[in-house]
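K.L.:
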Amino acid sequence: MRATVWAPDAGAVDLVLPASDRRVPLVKGADGWWAPPAGEAELAHGEDYAYSVDGSDPRPDPRSAWQPHGVHGPSRAFDTAQHTWSDAGFQGRDVRDCVVYELHLGTFTPGGTLDSAVARLDHLVDLGVGMVELMPVAAFDGQHGWGYDGVDLYAVHEAYGGPAALQRFVDEAHSRGLAVCLDVVYNHLGPAGNYLDTFGPYFTEAHETPWGRAVNLDGPGAEGMRRFICDNAVRWLREFHLDALRLDAVHALVDDSPRHILAELADEVTALSAEVGRPLSLIAESDLNDAAMVTPTADGGQGMTAQWADDVHHAVHTFLTGERQGYYADFGSPEVLAKVLTRVFLHDGEYSAFRGRTWGAPVPAGTDARRFVVFDQDHDQVGNRALGDRPSTRLDAGTLAVSAALVLTSPYTPMLFMGQEWGTTTPFQYFTDHQDPDLAEAVRKGRTEEFSGHGWAEMHPDEAVDGELDVPDPQDPATVRTSTLVWDDLSEPHHARMLAWYRRLIALRSGVADLGSGDLAATSVTWDTGADPDARTGFRSWVVVTRGDVQVVVNLAEQPVAVPVPGAADLGVLAEWEPVEVDGDTVRMPARSVAILAGRHAGAV
Numbered sequence: 003m004r005a006t007v008w009a010p011d012a013g014a015v016d017l018v019l020p021a022s023d024r025r026v027p028l029v030k031g032a033d034g035w036w037a038p039p040a041g042e043a044e045l046a047h048g049e050d051y052a053y054s055v056d057g058s059d060p061r062p063d064p065r066s067a068w069q070p071h072g073v074h075g076p077s078r079a080f081d082t083a084q085h086t087w088s089d090a091g092f093q094g095r096d097v098r099d100c101v102v103y104e105l106h107l108g109t110f111t112p113g114g115t116l117d118s119a120v121a122r123l124d125h126l127v128d129l130g131v132g133m134v135e136l137m138p139v140a141a142f143d144g145q146h147g148w149g150y151d152g153v154d155l156y157a158v159h160e161a162y163g164g165p166a167a168l169q170r171f172v173d174e175a176h177s178r179g180l181a182v183c184l185d186v187v188y189n190h191l192g193p194a195g196n197y198l199d200t201f202g203p204y205f206t207e208a209h210e211t212p213w214g215r216a217v218n219l220d221g222p223g224a225e226g227m228r229r230f231i232c233d234n235a236v237r238w239l240r241e242f243h244l245d246a247l248r249l250d251a252v253h254a255l256v257d258d259s260p261r262h263i264l265a266e267l268a269d270e271v272t273a274l275s276a277e278v279g280r281p282l283s284l285i286a287e288s289d290l291n292d293a294a295m296v297t298p299t300a301d302g303g304q305g306m307t308a309q310w311a312d313d314v315h316h317a318v319h320t321f322l323t324g325e326r327q328g329y330y331a332d333f334g335s336p337e338v339l340a341k342v343l344t345r346v347f348l349h350d351g352e353y354s355a356f357r358g359r360t361w362g363a364p365v366p367a368g369t370d371a372r373r374f375v376v377f378d379q380d381h382d383q384v385g386n387r388a389l390g391d392r393p394s395t396r397l398d399a400g401t402l403a404v405s406a407a408l409v410l411t412s413p414y415t416p417m418l419f420m421g422q423e424w425g426t427t428t429p430f431q432y433f434t435d436h437q438d439p440d441l442a443e444a445v446r447k448g449r450t451e452e453f454s455g456h457g458w459a460e461m462h463p464d465e466a467v468d469g470e471l472d473v474p475d476p477q478d479p480a481t482v483r484t485s486t487l488v489w490d491d492l493s494e495p496h497h498a499r500m501l502a503w504y505r506r507l508i509a510l511r512s513g514v515a516d517l518g519s520g521d522l523a524a525t526s527v528t529w530d531t532g533a534d535p536d537a538r539t540g541f542r543s544w545v546v547v548t549r550g551d552v553q554v555v556v557n558l559a560e561q562p563v564a565v566p567v568p569g570a571a572d573l574g575v576l577a578e579w580e581p582v583e584v585d586g587d588t589v590r591m592p593a594r595s596v597a598i599l600a601g602r603h604a605g606a607v
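Taking my numbering, the leading residue of the sequence shown gets 3, the next gets one more, and so forth.
#1: Could you say which of Leu116, Phe419, Leu19, Val314 lies nearest to Val376 if we only look at CA atoms?
#2: Let me know if Ala459 comes out buried or exposed under the rule of 16 or more other beta-carbons within 10 Å of its beta-carbon.
#3: Enumerated in chain order, which unbroken segments of the alpha helix (DSSP H) with a length of 4 residues or greater are wholly contained in the region 12 to 74?
#4: Taking only the alpha-carbon atoms, compute the straight-line gap between His71 and Ala32 and give it to the nearest angstrom.
#5: Roughly how many whole angstroms lie between the Cα atoms of Val409 and Val15?
#6: Just verifying my parser: in three-state terms, what is the DSSP assignment at Phe230?
#7: Identify the residues that DSSP records as bridge partners of Gln553: which are they?
#8: Using a threshold of 8 Å, state whether the C-beta atoms of Ala403 and Trp579 are closer than that.
#9: On the criterion of 16 or more Cβ atoms from any shown chain inside 10 Å, does Ala46 qualify as buried, or is it exposed?
#10: Whole angstroms are fine: how far does the CA of Phe356 sit from the CA of Gly328?
#11: Does the region 103 to 110 come close enough to the region 129 to 149 that 3 or more CB-CB pairs lie under 8 Å?
#12: For Tyr51, count neighbouring Cβ atoms within 10 angstroms of its own Cβ and tell me buried if that reaches 16, exposed if not.
#13: Given a threshold of 16 other Cβ atoms within 10 Å of its Cβ, counted over all protein chains shown, does Thr86 qualify as buried or as exposed?
#14: Out of Glu49, Val482, Tyr353, Ala294, state which residue places its alpha-carbon closest to the alpha-carbon of Gly385.
#15: Between the beta-carbon of Val187 and the beta-carbon of Ala235, is there less than 8 Å?
#16: Return yes when the Cβ of Phe230 is within less than 8 Å of the Cβ of Tyr204, no when it is not.
#17: With a threshold of 6 Å on Cβ separation, who are the neighbours of Pro474 within its own chain once the five nearest residues in sequence on each side are excluded?
#18: Which value, in whole angstroms, describes the spacing of the CA atoms of Ser58 and Gly75?
#19: Spatial neighbours of His603 within its chain, please: CB distance less than 7 Å, with the 5 preceding and 5 following residues excluded, ordered by chain position.
#20: Buried or exposed for Ser259, going by 16 or more other Cβ atoms inside 10 Å?
#21: Between which two residues does the alpha helix (DSSP H) containing Arg505 stretch?
#22: Which term fits Pro476, buried or exposed, when burial requires 16 or more other beta carbons within 10 angstroms of its beta carbon?
#23: Would you grab the beta carbon distance between Met295 and Val102 for me? Rounded to a whole angstrom, and I think it's under 8 Å.
#24: Would you kindly work out how many angstroms separate the C-alpha atoms of Ala9 and Asp332, rounded to a whole number?
#25: Using only the alpha-carbon positions, how far apart do Ser485 and Gly163 sit?
#26: In this structure, does DSSP put His253 in helix, strand or coil?
#27: Using the rule of at least 16 other Cβ atoms within 10 Å of the residue's Cβ for burial, across every protein chain shown, is Gln630 buried or exposed?
#28: May I have the straight-line CA-CA distance separating Gly144 from Asn196, to the nearest angstrom?
#29: Measuring CB atoms only, is the region 570 to 590 touching the region 437 to 446, in the sense that at least three cross pairs come out at less than 8 Å?
#30: For Ser526, write down the residues that DSSP places opposite it in a beta bridge.
#31: Please report the straight-line C-alpha distance between Leu487 and Trp503, rounded to a whole angstrom.
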């Protein structure tokens, strides 16, 4: 491996080799890249090294693949060719044809590693998902964390097994027909171990983000950071055989350049896809509510394959729980549920009371709805609750079954969050392992202040002390253990029943053409307008979602209800949480239940 590093403003750069206690002065090129002089041996796989800029302390390689000594120690050379791939027969999968499964490696299994996660891949195959989405694996300070404070963006966190373990995981997933998506964070770096400033203008004072200074995408020297991002993405896809990247909070990638970094990245990935002969997907997390994110670059868009659509989560969540705090304030009516299931965004140019302004833009007619990834649980919507509590701790099994059905029969690309398929009650709490005591205390204090008030204590009275919620300590190792999935739960009948329900819904999605379609024009929603609304949710008893020739019939009342479904007698029952009765144009639904019915034109089952 050739030791090269970008440091355009440096007067001198040394390659530091700890094993031999050597320093090799590097030679600067015209483009700001430094390299060893001619005749100097390359780094061997497994050899430790670092860089010293202008005589400063040795620092890790900004593009280090391997940090076995932590984010403050030297890098270790890693030859990606040392892995012999066995996935030549895997043709890849487009995210739009998949059910996605998001997981956090540190809490997915008790082992908390990539290798221990391999042992659960067969569970995902049996479930029917097509793509595994890994929360960020970039190296960060400490052992435990969500991964969004990564500082060595080319490295794989050592606690997860390092880069070789990621190669093994992807190979094993591909052998089972599973695609792998990696969550990557380009909008900021973590607070501990970020040494990019030592090397060059990776950041700018011209823009701010919620995490501090913005990455430099449009100022002097911006080409260095732009290449850092694009090269990183291409490397994951090419050298680690990943199938997709989920780009964190792209609205925080502030770029006033004539061509946005996302469009540049999209075109490079499109070219790579043609080169390697398999689909490669870019999935943006964006709160802009703008379909320009998934509009091809040739048409003036950013060229993402898909983007997250949080409004669907908010509408379903408020529908089922009655919660209205914070950003849920704009949601909670049947009209809202109908809009997000047929037009993607609630805020599509309309006024948002939470934001205090109009927000978003309409999704153009004819847009493939599968370009929008939706969910009723994910790491943010669970983990950023005060206690990280799952819906299963507040909702009965029938209501959980309704939630699953609304997402998995929607015209969008559905995503699950680890464990929800069996109705786990294991929380997913916010945890960190900052080694700096001052930083650890600041995070601890900030987390407590974040949840002071806002009704959290009233929602969790058993966890409140003197009217304030006892928020889990992010720095306590017990918080990680509490958040680790309990796989033995699968042996319990009620969990096994929920798992069977998810399997059935996913099988229907892939087996019934109308359910797999992304045609928004073939989707409509009707609801009960006659009865008094439920005191908790504000909803009346029933809702029917029509997907072509498929009817998804929901009853949230606490008693059986006769739901009008024209032509019901000609429909077959594909799935039912509890047994239903069909009589003429009526489906008699048990309390807190859901059923899926279809006619002969819905497609094969």
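Don't be surprised by glycine CBs; every beta carbon is placed ideally from N, CA and C. Because the structure is a prediction, the values reported are computed rather than measured.
P.N.:
Result, derived from the coordinates:
#1: Mapped onto the sequence shown, residue 376 falls at position 374. The shortest C-alpha to C-alpha distance from Val376 to any of Leu116, Phe419, Leu19, Val314 is the one to Val314.
#2: Numbered from its first residue, the sequence shown carries residue 459 at position 457. Confidence is the limiting factor: at Ala459 the pLDDT is only 48, short of 50, which leaves the residue's position unreliable and the question unanswerable from this model.
#3: For the region 12 to 74, there is no continuous alpha helix (DSSP H) assignment of 4+ residues that stays within its boundaries.
#4: Here the question's residue 71 lines up with position 69 in the sequence shown. Here the question's residue 32 lines up with position 30 in the sequence shown. Note on geometry: alpha-carbon atoms of His71 and Ala32 lie some 33 Å from one another.
#5: On the sequence shown, residue 409 is found 407 positions in, with the first residue counted as 1. On the sequence shown, residue 15 is found 13 positions in, with the first residue counted as 1. Val409 and Val15 have their C-alpha atoms spaced approximately 53 Å apart.
#6: Within the sequence shown, the letter at position 228 stands for residue 230. If DSSP states are grouped into helix, strand and coil, Phe230 belongs with the helices.
#7: Reading the sequence shown from its first residue, position 551 is the one you call residue 553. DSSP output for Gln553 lists Thr548, Leu599 as bridge partner(s).
#8: Taking the sequence shown and counting its residues from 1, the one referred to as residue 403 is at position 401. Taking the sequence shown and counting its residues from 1, the one referred to as residue 579 is at position 577. Closer than 8 Å, so yes.
#9: Translated into the one-based positions of the sequence shown, residue 46 becomes position 44. With fewer than 16 other Cβ atoms within 10 Å, it is exposed.
#10: Taking the first residue of the sequence shown as position 1, residue 328 is located at position 326. Taking the first residue of the sequence shown as position 1, residue 356 is located at position 354. Rounded to the nearest angstrom, the two C-alpha atoms are 7 Å apart.
#11: Remark: three or more beta-carbon pairs, one from each stretch, lie closer than 8 Å, so the region 129 to 149 and the region 103 to 110 are flagged as touching.
#12: For this step, residue 51 is matched to residue 49 along the sequence shown. It is buried - the Cβ of Tyr51 has at least 16 other Cβ atoms within 10 Å.
#13: Taking the first residue of the sequence shown as 1, we reach residue 86 at position 84. Around the beta carbon of Thr86, a 10 Å sphere encloses fewer than 16 other beta carbons of the protein chains shown; the residue is thus reported as exposed.
#14: On the sequence shown, residue 385 is found 383 positions in, with the first residue counted as 1. Residue Val482 is the option with its Cα nearest to Gly385.
#15: Walking along the sequence shown from the start, residue 187 turns up at place 185. Walking along the sequence shown from the start, residue 235 turns up at place 233. Cβ atoms of Val187 and Ala235: not closer than 8 Å.
#16: By one-based count along the sequence shown, residue 204 stands at place 202. By one-based count along the sequence shown, residue 230 stands at place 228. Yes.
#17: For this step, residue 474 is matched to residue 472 along the sequence shown. Counting only Cβ-Cβ distances below 6 Å, and skipping sequence neighbours, we find Gln431, Thr481.
#18: Along the sequence shown, read from residue 1 onward, the residue named residue 58 stands at position 56. Along the sequence shown, read from residue 1 onward, the residue named residue 75 stands at position 73. Answer to the nearest angstrom: the Cα atoms are 14 Å apart.
#19: Numbered from its first residue, the sequence shown carries residue 603 at position 601. Taken in chain order, the residues that qualify are Asp551.
#20: Taking the first residue of the sequence shown as position 1, residue 259 is located at position 257. Counting of Cβ neighbours within 10 angstroms places Ser259 among the exposed residues, the total staying below 16.
#21: Here the question's residue 505 lines up with position 503 in the sequence shown. Following the DSSP letters along the chain, one finds Arg505 inside the alpha helix (DSSP H) bounded by residues 495 to 513.
#22: One-based indexing of the sequence shown puts residue 476 at position 474. Per the 10 Å Cβ criterion, buried.
#23: Translated into the one-based positions of the sequence shown, residue 295 becomes position 293. Translated into the one-based positions of the sequence shown, residue 102 becomes position 100. In this structure Met295 does not touch Val102 by the C-beta definition: roughly 17 Å separates them, more than the 8 Å allowed.
#24: As a working mapping, residue 9 is identified with position 7 in the sequence shown. As a working mapping, residue 332 is identified with position 330 in the sequence shown. About 48 Å.
#25: Here residue 485 refers to the residue found at position 483 when the sequence shown is read from its first residue. Here residue 163 refers to the residue found at position 161 when the sequence shown is read from its first residue. The alpha-carbon atoms of Ser485 and Gly163 are separated by roughly 20 Å.
#26: Here the question's residue 253 lines up with position 251 in the sequence shown. DSSP places His253 in the helix class (H, G or I) of the three-state scheme.
#27: Any property of residue 630 remains undetermined from this structure, which presents the chain solely from 3 to 607.
#28: Taking the first residue of the sequence shown as position 1, residue 144 is located at position 142. Taking the first residue of the sequence shown as position 1, residue 196 is located at position 194. So the alpha carbons of these two residues sit roughly 13 Å apart.
#29: Too few Cβ pairs lie closer than 8 Å, so no.
#30: The sequence position of residue 526 within the sequence shown is 524, counting from 1. DSSP lists Thr548 as partners of Ser526.
#31: As a first step, residue 487 is located in the sequence shown; it is residue number 485 there, counting from the start. As a first step, residue 503 is located in the sequence shown; it is residue number 501 there, counting from the start. The alpha-carbon atoms of Leu487 and Trp503 are separated by roughly 19 Å.
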